[in-house]
Each structure stands twice: as C-alpha cells, then as structure tokens.
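Protein sequence lines correspond, in order, to chains A and B.
Our numbering puts the first residue of the first sequence at 1, with every later residue one more than the last.
Our numbering puts the first residue of the second sequence at 1001, with every later residue one more than the last.
Structure first, then comments.
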Amino acid sequence: MNRYLSIHIKKELHTAEGRFPLSVQLDIEKGEFVALTGPSGSGKTTLLRLIAGLTKSDQGQILFNDTVWSDHSKQQFLPPQKRSIGFVFQDYALFPNMTVQQNLTFALDKSAPSSEVENIIEMIDLTALANRFPHQLSGGQQQRVALARALVRKPKILLLDEPLSALDTAMRERLQDDLKRLHEDYKLTTILVTHNEKEIFKLADRAIVLETGKIIDKGNPEDILSKKGIFATIQKMEIDGKNVKLTCQRNGDLLTLILPNKMAEKYQVGEVIFIN
Amino acid sequence: MSSLFWETVYLTFKLATVTTVLLIIFGIPTAYFLSKSQSRWKPFFEALISMPIVLPPTVIGFYLLLLFSPETILGSWLQESLNIELAFTFTGLVIGSIIYSFPFMVNPIQSGLQNLPPNLAEASYTLGKGRFETLWKVLLPNIKPSILTGFILSFAHTIGEFGVVLMIGGNIPGQTRVASIAIYDEVESLNYSLANKYSLLLFLFSFVVLVFIYSYNRRLNTFSPK
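Following this line, the structure appears as structure tokens:
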C-alpha cells in the first residue's frame, strides 16, 4: 500500500470512560476516502486533531508523503499552519465577525488569486449567501460554508469531524452528495468521522472502527458493517427494577436493550453505543 | 469659569486618555497570554494584577511614592541616569494610573477571550494563520463588547481615582491637580460652588458614557449570534 499519510502514534486519553491510551497504526493512500467510526469517547476526534496538529502525541510519528508532521522521539512537530490540511469542525467554527465571502477570503493564502474564492463559492453554490453573516445562515448552510472554507487553500488532506451530525436527514443527504461529488472530482484524500452507517456506505472506500483507543476493525464498508456489530444512539433510558431498559435508534429503526444497572451506569441519553 | 477650572478638567481628561491608550497597548497582550496560559504561576499573576481592586488606593499610592522617591535605588537611578522624576509629576501619575486601572482593562478582555469557543482560533490555525493574525482578525473582533467595557471602565476609573493621585501626585495646578483632588480641595476651603461644578461635570460625563456603553452593547448583542 502507498504510504501517503502514515500514522503511528500513542496518546493518553482522559474520557468519561476513564483513562486509556489511543494507540493507532494507520496508513492512508492518496485519494482515499476513509470513514472513522466507533462509540463516543473512543478517540476519533483526538485522532483527527493529532493529524491536524491541534493536539500533540505522547509517542510515535505522523508522516505525510515522507515529510515529518510529527515525530516524538526527534522532538519534531510541524504546527497546523504548515500542514496541508482542511479541517471541518463539528460545530462549524465559522468566524462570526465575517461574512461568508470574508470567511473564505480570510482562508486564502496571500499569494493566491482572489478568483479562487469565487470558484469555491460557485462550486459549493454559495453565491446567494456570500454577503451574509454566519448567524444569518441555517445549520446546513453554515456547514457548506465551513466545507468551502476548508477547501479554499486546496489542502492535500481533508479532515471532517462529524460535520453532518447536527443536520436533519434531507440536509444531511444533500451534503453527502456534495462530499461525494467533490471527492470524485478532486480525489482529495479525506478522513471523515461519522456515526452514520449510510454515510459510510455512500462515501467511504474504507471504514475504520475505533474502540477505547484501538482500531478493532478495518476494511471495506460493506464487510465491516455486515458483521454483527451495529451502532445505535440511545434515545431513552428507563430503570426497571435491577435492570435498565435502553431504547436505541439506528438509522430510523428503534431497538430495545435490557442491561443490568451496573452495566448501564456508564451510558447516557444521546450517546452512541456499539452493540454486538 | 476660571482658567484654573478648565486647566484641571483638561488635565483630568488628558490623564485618563493617555492612561487608557497605554492600557490598551499593554492590556491586550497581557489578557491574551493569561487566557492562553496553563502555567502554575498564572494565579500568582492574576492575583497581582487584581490587587488594585481590593487594596485601598492609598496603599498603592504609598508604595509607588516610596518607589519613585529619589532615596530608593529605582528612583535615584531614574533621576540620575535618565533624568526622569516620577514623584509629583504627570508621568508619575500616568504610571500610577496604569497600575491602578490595569485589572479593569485586563479582566474583561481576558474573560472575553476565554469565553470564545476554542475552535475559532484552531480553525484559523488550520487555515494557515499565525497567532498574531488570529488574535487581530478573529479573536479581538469577536470580543468587541469586552474591549469596550475594559476601555470605558479604565477611562472612568482613572477619572475617578483619588487616593493614588493624592499620594504620588499631590495637588499641583496644571501638573497633577485632577478634578477629584480639586473637589476635595475646594470643599476643604469651603468653596462649595466650584466643588459643585467639578462634581456636576464628572457626574454628567460618567452618566453619558455609561448610557453610551450600555446602548452600544445592547446593539452588539442584538446583531451578533449567541
């Protein structure tokens, strides 16, 4: 396999489930679309932040096209500014003081022509929104601007941290189509953190399942998802004597789990769990 | 009204303006470093900066007077090497006012920066922007109400200061006699009418400034996202 982006790192995580090491060995090919999935608190966002240089690892290295992005043993660390990445945050992180156009222009390198912004605005269909401020946009529109902004600098790696999780189904599907089209047109190496199985099926060349800091499964999306494990979001928790009844939702279907109190303690409503 | 009155009013506003401009220059970097800092010394610096809020102004004035006096190492060095005299001079008043109003500039800006979502700065870094550009173009424009609050509080606090000015500045007309000192001085000489003019001017000025700041902040809050 081509080692376009090569990640071999360790990082101590402190989560609601306790402390455990995030330990990942992962090589990503040029142009690949990788979906990163797994229960809440398994280290997916941290992994994305390590790749972006927003968090430092405790051990190991990240190499991009034979350039060292970080190497703990040699005390080398390339700051996020110098890595060719586009990062889309879960809550968009648009700059509230700038219009859509200004958000995109801010992202542009000083040497790049301003027509780049126009191209992106057209490509992501933002012309009508160019002069609006982020608070005048819907969630879906904000997310499209965030995606456009991440693409302005023509990054080599696109990192998406659950970018569609806060959107309704229709908007989600539209953005999935946008992402698919962009990926087909530009073959941009992309890593997407997601809980949504449909999204993995539709977009990803490869799925990686992370649990308590370790890759427990990887392969093509169909193989991964057809194995007995599934992800579901807890909708309701009801105490029933010594047990807790969990009502979980999975892509529109509801399923019910009965767990002993002790086991259910660590879960809460809204959390995504892995059932096998 | 006498020229002494206007001289005093002019000096009062000059002191507040010079102090506030210098406070903006020193206060923003200080607030930024404190908001970012994870050092275990941070509480020590925060406490030191906030001391003027809890101390009687006379305590600060007293120590500054000692420090400025030609009998101390600093005072004599300033006077002999640089020919700068700080006790009972306008420059000394500016330095005293900066120390005295420092928390009023730093605290609102620091808390404004700390309340911004951390991913605004992170998004800017991933877009290739350095710390300075991020602070200047992303962070500061999004905490305008905090900067305005720091600005006005420092200005108003300097106009209203009394104890520090009295200790290190005295009451020299045209040099260190500001309105708050003049009021005290006029009352001591039973000149209530002039004391009233100074007081009324300060009262009206402060009131107008506060009305302005509250309505401006309301407008900002109406138009900016929450």
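Every residue gets a Cβ at the ideal spot worked out from N, C-alpha and C, and that includes glycine.
**Q.** Minimum Cβ-Cβ distance from Gly1150/B to chain A less than 8 Å
**A.** no
**Q.** Buried/exposed call for Asn1142/B, threshold 16 Cβ in 10 Å
**A.** buried
Q) Beta-carbon of Asp71/A versus every beta-carbon of chain B: anything under 8 Å? A) no
Q) Cα separation between Glu197/A and Thr15/A? A) 24 Å
Q) Applying the criterion that 16 or more other CB atoms from any shown protein chain within 10 Å of the CB defines a buried residue, is Val1208/B buried or exposed? A) exposed
Q.
Using C-beta distances below 6 Å, list every residue in its chain close to Lys236/A, excluding the 5 sequence neighbours before and after it, in chain order.
A. Thr247
Q: Report all residues from its chain with a CB closer than 6 Å to the CB of Arg1177/B; omit the five preceding and five following residues, and keep chain order.
A: Thr1008 and Asn1171
Q | Proximity test, Cβ basis, 8 Å: Lys1036/B and chain A | A | no
Q.
Let me check you understand the geometry: is the CB of Val68/A closer than 7 Å to at least one non-hydrogen atom of the ligand FMN?
A. In terms of ligand content, the structure shown is empty, and the ligand FMN therefore cannot be addressed.
Q) For Phe1090/B, which residues of its own chain have a beta-carbon under 7 Å away from its beta-carbon, when the five flanking residues on both sides are left out? A) Gln1175 and Thr1176
Q: Closer than 8 Å by beta-carbon distance: list the chain B residues that pair up with Ile85/A, in chain order.
A: Thr1126
Q) Using a beta-carbon distance below 8 Å, is Met1/A in contact with chain B? A) Residue confidence is low: Met1/A scores 49 on pLDDT, short of 50, so the model does not pin down where it sits. Its coordinate-derived value is still stated next. Closer than 8 Å: no.
(Q) For Leu1066/B and Arg49/A, I'd like the C-alpha separation in whole angstroms. (A) 52 Å
Q) Among Thr99/A, Ile85/A, Thr233/A and Leu22/A, which one has its Cα closest to the Cα of Gln142/A? A) Thr99/A
Q) CA-CA distance, Gln1110/B and Thr256/A? A) 48 Å
Q.
Taking the alpha carbon of Thr37/A as the reference point, which residue from Ser165/A, Ile258/A, Met263/A and Lys262/A has its own alpha carbon closest?
A. Ser165/A
Q. Buried or exposed: which applies to Lys228/A, given that a residue is buried once 16 or more other Cβ atoms fall within 10 Å of its Cβ?
A. Since pLDDT at Lys228/A reaches only 48, below the 50 mark, its modelled position is unreliable, and the value read off the structure follows with that caveat. By the 10 Å Cβ count, Lys228/A comes out exposed.
Q: Below 6 Å CB to CB, which residues in the same chain sit around Leu63/A once its five sequence neighbours on both sides are set aside?
A: Ser6
Q.
Going by beta-carbon coordinates alone, are Ile245/A and Gly31/A separated by less than 8 Å?
A. The displayed chain sequence assigns Lys, not Ile, to residue 245/A. Cβ distance not < 8 Å, so Lys245/A and Gly31/A don't count as in contact.
Q.
Please report whether the beta-carbon of Leu1120/B lies at a distance below 8 Å from any beta-carbon of chain A.
A. yes
Q: Compute the Euclidean distance between the alpha carbons of Leu104/A and Ala93/A, then round it to the nearest angstrom.
A: 13 Å
**Q.** When Phe1013/B, Ser1035/B and Phe1005/B are compared against Gly1160/B, the one with the closest alpha-carbon
**A.** Phe1013/B
Q: Examine chain A for any beta-carbon lying closer than 8 Å to the beta-carbon of Ala1087/B, and answer yes or no.
A: no
**Q.** Beta-carbon proximity list for Lys242/A, same chain, < 8 Å, skipping 5 on both sides
**A.** Pro260 and Asn261
Q | Validate contact between the region 83 to 91 of chain A and the region 1116 to 1127 of chain B using beta carbons, cut 8 Å, 3 pairs | A | yes
Q) Can you name, in chain order, every residue of its own chain whose Cβ lies under 6 Å from the Cβ of Thr1149/B, other than the five neighbours on each side? A) Pro1108
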